[in-house]
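If you're matching positions, the sequence shown starts at -5 in the numbering used here and goes up one per residue.
Heads up, the beta-carbon is just placed ideally off N, CA and C, and yes, glycines get one too.
The structure appears right after this line, and notes come after that.
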Amino acid sequence: MADWNDFRRVADDVRNWGRWGDDDELGTLNLITDDKVQQAAGLVKHGKVFPLGVDFGSSGPQGAFHFRQNPLHLMTVDGGDASTLAEYGPPWLKNPAATQLSKYWANGPMRFNDDVIIMPLQAATQWDALSHVYYEDKLYNGFPADSVTSLGAYHCGIDKVDGKGIISRGVLLDIVRLRGVETFCELGEPITPAELDEAARTQGVTVSSGDVVLVRTGWWARFQQTGNGAEPGAG
């Protein structure tokens, strides 16, 4: 059975710390160059859009995992407020917000609705920043883990990705189909680099530098059933 020393040896072999300088906070997103973006844009033939985000609402996406809650949607102003104010007026409601709305709505027919969403940031499809997970008190590229505070991530936050943007060629490798399983890969069966190469050959695609590779494992279906987000995954 592998131990932490084995883990460290593998990490030393594959990590990219220092590859793009000691101050880098983007990692392999550096491989998406201007030329790569231009190449990717030239691949568009039909303009069809395929949303990859999970449904956003009270019934998902957290499923069986209860550590984080699904989004809570609240209306702060709705159509009923306008009719109530018109009938009773702000003195009856005795509410500063109602008084302010009455002033907004006093001189014309325009009305509006407003709302708020309360949610953990992982209660929707999202990108994990390089500051999300760390080992032995170090973030990516050796930045200290305590640089993430209650004010946010000083290093390796998702804001660094926002400054660059992500536009590239996408490649889908379908491991569920390759293995011939119905819904998802089984636990305890890691997906190896050789298997990814086999999937690419089977599908007739070539992965090149700067591509965004999507690996279909069936993870989402299993997560919805069990709340276990650890597997299936790369080995």
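Any idea which residues DSSP pairs residue i with across the strands?
| i | result |
| --- | --- |
| Ala147 | Val142 |
| Ala228 | Ile185 |
| Arg62 | Partner(s): none; Arg62 has no beta bridge. |
| Gly164 | Val206 |
| Asp109 | Met69 |
| Lys132 | Tyr129, Pro138 |
| Gly12 | Gly15 |
Look at the alpha carbon of residue i and the alpha carbon of residue j, and state the distance between them as a whole number of angstroms.
| i | j | result |
| --- | --- | --- |
| Thr78 | His67 | 22 Å |
| Ile185 | Arg105 | 55 Å |
| Asp49 | Val8 | 34 Å |
| Leu181 | Leu172 | 16 Å |
| Gly159 | Val201 | 20 Å |
| Tyr244 | Ala100 | The structure shown does not extend to residue 244, since the chain is modelled only from -5 through 229, so no value can be given for it. |
| Ile26 | Asp205 | 7 Å |
| Ala139 | Leu133 | 6 Å |
| Leu145 | Gln116 | 18 Å |
| Phe217 | Asp122 | 17 Å |
| His40 | Ser162 | 17 Å |
| His126 | Val142 | 9 Å |
| Asn107 | Arg62 | 28 Å |
| Ser52 | Val110 | 13 Å |
| Arg3 | Glu192 | 26 Å |
| Ala35 | Gly157 | 19 Å |
| Pro114 | Leu124 | 18 Å |
| Lys88 | Pro103 | 23 Å |
| Asp0 | Ser203 | 28 Å |
| Ala91 | Gln33 | 52 Å |
| Asp17 | Val155 | 14 Å |
| Val38 | Arg13 | 31 Å |
Would a C-beta distance cut-off of 8 Å place residue i and residue j closer than the cut-off?
| i | j | result |
| --- | --- | --- |
| Thr119 | Leu208 | no |
| Thr211 | Pro226 | yes |
| Phe178 | Ala215 | yes |
| Ile136 | Trp11 | The identity of residue 136 in the sequence shown is Gly, whereas the question assumes Ile. The answer is yes: Cβ separation under 8 Å. |
| Asp75 | Leu95 | yes |
Practice prompt. For the segment 193 to 209 and the segment 154 to 170, state whether three or more C-beta atom pairs, one from each stretch, are separated by less than 8 Å.
Written response: Contact holds: three or more Cβ-Cβ distances are below 8 Å.
Item to complete: Any chance you could list the alpha helix (DSSP H) runs of at least 4 consecutive residues sitting entirely within the segment 20 to 57, in chain order?
Response: Listed in chain order, the complete alpha helix (DSSP H) runs (minimum 4 residues) inside the segment 20 to 57 are 28 to 35.
Worksheet item: On the three-pair Cβ rule with 8 Å, is the segment 18 to 34 touching the segment 146 to 165?
Response: yes
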